[in-house]
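> Residue numbers (the UniProt record's numbering): 1 to 90.
From the three backbone atoms N, C-alpha and C, an ideal C-beta is built for every residue, glycine too.
Being a predicted model, the structure only gives us computed values, none of them experimental.
Take a look at the following structure, please.
Below is the structure:
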């Protein structure tokens with residue numbers, strides 16, 4: 001279950017075998033991730049740390065598109081992404 005102050009639909013992403021619907025959730029500052037259903041290893045991470053995580057190709061693609069959607073450039077571009085922790089759960 002996700003308790004959010006606001007939920008906004010962003011885009012659809014086709015993975016290898018799954019169609020992902022990507023949403024942005026505005027959650028309280030000190031919210032704790034609570035895994036349920038198919039998400040066994042749910043935790044918060046800063047999207048700028050995606051290259052240091054063991055994440056699937058589709059998850060990396062979703063984070064890259066998320067950066068583009070909110071107007072933050074990816075790691076290969078000159079401008080650096082925001083350094084604060086965004087609450088996004090892949």
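Looking only at its chain, what residues have a beta carbon closer than 6 Å to the beta carbon of residue 80, apart from the 5 residues adjacent to it on each side?
With a pLDDT of only 43 at residue 80, under the threshold of 50, the placement of this residue in the model should not be trusted, and no figure is reported.
> For residue 24 and residue 5, what's the separation of their Cα atoms in angstroms?
Taking the straight line from one Cα to the other gives about 11 Å.
> Quick check: residue 62 and residue 13, are their CB atoms within less than 8 Å of each other?
Yes, the pair counts as a contact, with Cβ atoms nearer than the cut-off.
> Three-state secondary structure (DSSP) at residue 30?
If DSSP states are grouped into helix, strand and coil, residue 30 belongs with coil.
> Let me know the secondary structure DSSP gives residue 96 once reduced to three states.
Residue 96 lies beyond the residue range present for the chain, which begins at 1 and ends at 90; the question has no answer from this structure.
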